[in-house]
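Chemist:
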Amino acid sequence: MDLEQTFLKIIEKKHKELNLGQDYNAIFSKIRDFEANAIGQIGEEFLKSVLNAIDEVINDGIIHDEYDIMTKSGVSFEVKTARKGRTNNTFQFNGINPRYNYDFLICLGVCEDQLLYRIFKKDEIHYVHKERKYFMKQNEFKKQLVPMNPIKLIISSPSILKN
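Using the working numbering, you'd call the opening residue of the sequence shown number 1 and step up by one each time.
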């Protein structure tokens with residue numbers, strides 16, 4: 001499965017559907033024309049395609065409040081998608097709620113020229129109210145949800161589906 005082409009087709013489809021902008025040079029540059037809700041829909045549809053190649057995704061037609069994707073093996077995913085900011089050069093993932101009932105949080109970061117991701121187990125995510133930020137704990141250190149991995153690694157990590 002060519003991950004970049006799968007994501008590109010979904011962007012092209014949504015771009016045409018919304019009659020946005022013009023063609024740009026970078027592979028995912030049309031992402032800049034979408035509002036946040038459409039970007040979230042694109043990310044969720046993309047990850048359903050990816051996860052369906054690993055383990056069948058349950059499409060029950062119901063919008064779930066507690067998670068975005070459920071696989072046949074019973075693993076649930078919350079998906080957050082953000083594009084890289086134009087001025088501050090970072091990703092802002094909104095609406096992360098550790099009280100929701102999901103097994104993994106997947107943060108998909110979209111740059112105009114690449115896709116990045118980070119996968120967190122639910123119990124690795126902590127909100128520090130004083131700092132008003134979400135962190136993941138790694139050993140004795142805490143890390144803010146910022147570092148991302150190249151998307152090409154996601155297909156080589158199907159072990160996340162096996163607890």
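Just so it is clear, CB atoms sit at the ideal spot from N, CA and C, and this is done for glycine as well. Note that this is a predicted model, so its numbers are computed, not measured.
Cutting at 8 Å between CB atoms, please list the residues of its own chain near PRO98, excluding the five before and the five after it.
Modeler: The answer, listed in chain order, is LYS122, ILE125, HIS126, TYR127, TYR134.
Chemist: Check whether the stretch 90-106 touches the stretch 61-70, taking contact to mean three or more Cβ pairs, one atom from each stretch, closer than 8 Å.
Modeler: At 8 Å Cβ cutoff, the stretches touch.
Chemist: Is it a yes or a no for the stretch 28-38 touching the stretch 103-113, going by three-plus beta-carbon pairs under 8 Å?
Modeler: With a cut-off of 8 Å, the stretch 103-113 and the stretch 28-38 count as touching, because enough Cβ pairs lie within range.
Chemist: Taking just the CA atoms, how far does PHE120 sit from GLN144?
Modeler: In a straight line, the C-alpha of GLN144 is about 12 Å away from that of PHE120.
Chemist: Which of the three DSSP states is assigned to ILE69 in this structure?
Modeler: In the structure shown, ILE69 sits in a strand (DSSP, three-state: E or B).
Chemist: Check for me: the beta strand (DSSP E) holding LYS80 runs from which residue to which?
Modeler: Looking at the DSSP string, the run of the beta strand (DSSP E) that includes LYS80 is 76-83.
Chemist: Go ahead and pull the three-state DSSP assignment for ILE116.
Modeler: It should be noted that the sequence gives Leu, not Ile, for residue 116. Strand.
Chemist: ASN163 to ASN37, Cα distance in whole Å?
Modeler: For ASN163, the predicted structure reports a pLDDT of 46, less than 50, and the residue's modelled location is therefore unreliable. A value from the coordinates is still provided. Approximately 31 Å, taken between the alpha carbons.
Chemist: Could you spell out where the alpha helix (DSSP H) holding ILE42 opens and where it closes?
Modeler: 36-54 is the span of the alpha helix (DSSP H), which, as asked, contains ILE42.
Chemist: Take LYS16 and list the residues in its own chain whose beta-carbon comes closer than 8 Å to its own, dropping the five residues that flank it on each side.
Modeler: No residues qualify anywhere along the chain.
Chemist: Looking at ILE42: is its Cβ nearer than 8 Å to the Cβ of THR90?
Modeler: Result no, Cβ atoms of ILE42 and THR90 do not sit closer than 8 Å.
Chemist: Write down the C-beta distance between GLU44 and VAL79 rounded to the nearest angstrom, noting that I regard them as a contact closer than 8 Å.
Modeler: Confirmed, about 5 Å.
Chemist: In whole angstroms, what is the alpha-carbon distance linking PRO147 and ARG118?
Modeler: In this predicted model, PRO147 has a pLDDT of only 42, less than 50, meaning its place in the structure is not dependable enough to derive any value.
Chemist: Kindly list the residues whose CB is nearer than 8 Å to the CB of ILE39, restricted to its own chain and excluding five residues on each side of it in sequence; keep chain order.
Modeler: Correct list, in chain order: ILE31, THR81, ALA82, ARG83, VAL110.
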